[in-house]
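Read left to right, the sequence shown gives residues -19 to -1, 1 to 43 (mature numbering (1 follows the signal peptide of the UniProt record, and there is no 0)). Here is the structure we will look at, set down as structure tokens.
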Amino acid sequence: MFATVSGILMALFLNTAGGAWDNAKKYIETGALGGKGSEAHKAAVTGDTMGQRKERQKVKVQ
């Protein structure tokens, strides 16, 4: 039972994480937090890339 609940919560987290990273990257690209080329932008690009991988994996499973 615990494993099922944990799995559902993890799926919900991963489902929203990709979109959150994408929004963060777009926000930084508008000039906030140093804009493009800043450390914040590099981190957001990395997070967005990982989020896209999770989204692709999710689509393949379904």
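All C-beta atoms, glycine included, are put in the ideal place defined by N, C-alpha and C. All values reported here derive from a predicted model rather than from experimental measurement.
Beta-carbon contacts of residue i that lie in its chain and below 6 Å, excluding the five residues immediately before and after
| i | result |
| --- | --- |
| A21 | I9, L14, G15 |
Whole-Å CB distance - residue i paired with residue j, under 8 Å assumed
| i | j | result |
| --- | --- | --- |
| K7 | V26 | No, K7 and V26 are not in contact; Cβ-Cβ is about 11 Å, not under 8 Å. |
Own chain residues within Cβ distance below 8 Å of residue i, not counting five before or after
| i | result |
| --- | --- |
| W2 | A25, G28, D29, M31, G32 |
| K17 | I9, E10 |
Burial state of residue i, where buried means 16 or more other Cβ atoms lie within 10 Å
| i | result |
| --- | --- |
| G12 | exposed |
Same chain, Cβ closer than 7 Å to residue i, five either side skipped, listed in chain order
| i | result |
| --- | --- |
| residue 47 | Given that the chain is displayed from residue -19 to residue 43, the structure contains no residue 47 and the question cannot be resolved. |
Heavy atom of the ligand ZN within 7 Å of residue i beta-carbon
| i | result |
| --- | --- |
| V26 | In the structure shown, the ligand ZN is absent, as is every other ligand, since no ligand is present at all. |
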